[in-house]
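Written below as structure tokens is the structure these notes are about.
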Ligand SMILES: Cc1ncc(COP(=O)(O)O)c(C=O)c1O
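Residue numbers (this note's numbering): 14 to 293.
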């Protein structure tokens, strides 16, 4: 069993491959965090690292042919991996959990896109159920999704990989269904990391970088709602845990080495905490 992955999916697949007794190979960018690599290896998987993330897909196909294996190809199939009409998918769980809230039908659901599977499932679900909810995708720097959505084109590519693991791709992945996304928010990487650290501190549990992107995107929409005098709820997702990023996003030296200054963004988050006004 072979998969191209930025890491998180491969951790789960390694677990299940071992459960059914199949050898598993994860084809991943060389920049993948060592903690994720260790987890995949812990579950008996092998990590095949490539220097250029754009070659991941071809490399996975090559390995598939070479060993007579099966390439899972989440970037094509994630949008159809679950029944988006319901049946205990992520969208149904969100709306069920929201039943106990003062505004049970969210004004916005804000998610990131890696495969695009999560946004496709939620976007299709809210349309199918005719909920008065809009879906926004928060996109990091160097991602092709924003440009692809904006110009309604699947041909957009970028020449630099995303620094926020799990989200932002150099091409518009086949699983990204732009037609069910109502808005996209571009989030600077330093803002994602500032928000990731801010949320981790408030919750008392470390969250990963894409959670920071989601939260920054959500605050942008919340501020629009506040300015328009609207009330309602905004739902976002906590993606992976921050323990995987102690050597990167939580490490100040790593930030300096990448030329990222999170200070101005952290100040805006602190100000939001004090005043309820977000000047992002
Ligand atoms: C940490 C993290 N955040 C967000 C995502 C994005 O989810 P999706 O692939 O459904 O677009 C992933 C994806 O695989 C991920 O690993």
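Note that beta-carbon positions come from the ideal geometry of N, C-alpha and C, so glycine has one too.
Keep in mind it's a predicted model, so treat the numbers as computed, not measured.
| Query | Result |
| --- | --- |
| Between the CA atoms of residue 203 and residue 65 - distance to the nearest angstrom | 23 Å |
| Under the three-state DSSP convention, the category residue 262 falls into | coil |
| Cβ contact check for the stretch 154-171 and the stretch 113-120: 3 or more pairs under 8 Å | no |
| Residue 253 Cβ short of 7 Å to ligand 1 heavy atom set | yes |
| Where the alpha helix (DSSP H) containing residue 71 begins and where it ends | 69-80 |
| Distance cut-off 7 Å: residue 180 Cβ against heavy atoms of ligand 1 | yes |
| Residue 166, buried or exposed, once every other Cβ within 10 Å from all chains shown has been counted against 16 | exposed |
| Coil, strand or helix - residue 249 by DSSP | strand |
| Ligand 1 heavy atom lying under 7 Å from the CB of residue 156 | no |
| Closest Cα partner of residue 149 within the set 71, 292 and 234 | 234 |
| Residue 128 CB to nearest heavy atom of ligand 2 below 7 Å | Ligands in the displayed structure: ligand 1; ligand 2 is not one of them. |
| C-beta contact flag for residue 193 and residue 226 at 8 Å | no |
| Exposure of residue 113, with buried meaning 16 or more beta-carbon neighbours within 10 Å | exposed |
| Same chain, Cβ closer than 8 Å to residue 96, neighbours up to 5 away in sequence not counted | 102 |
| Proximity below 8 Å, CB of residue 223 to CB of residue 125 | yes |
| Local conformation of residue 236 per DSSP, three classes | helix |
| Given residue 191 as reference, the closest of 168, 129, 249 and 229 once Cα atoms are compared | 129 |
| CB contact check: residue 93 to chain C, cutoff 8 Å | The chain inventory of the structure shown lacks chain C, comprising one protein chain alone. |
| Contained beta strand (DSSP E) runs [length at least 3] in the stretch 111-198, N- to C-terminal order | 121-124 and 147-152 |
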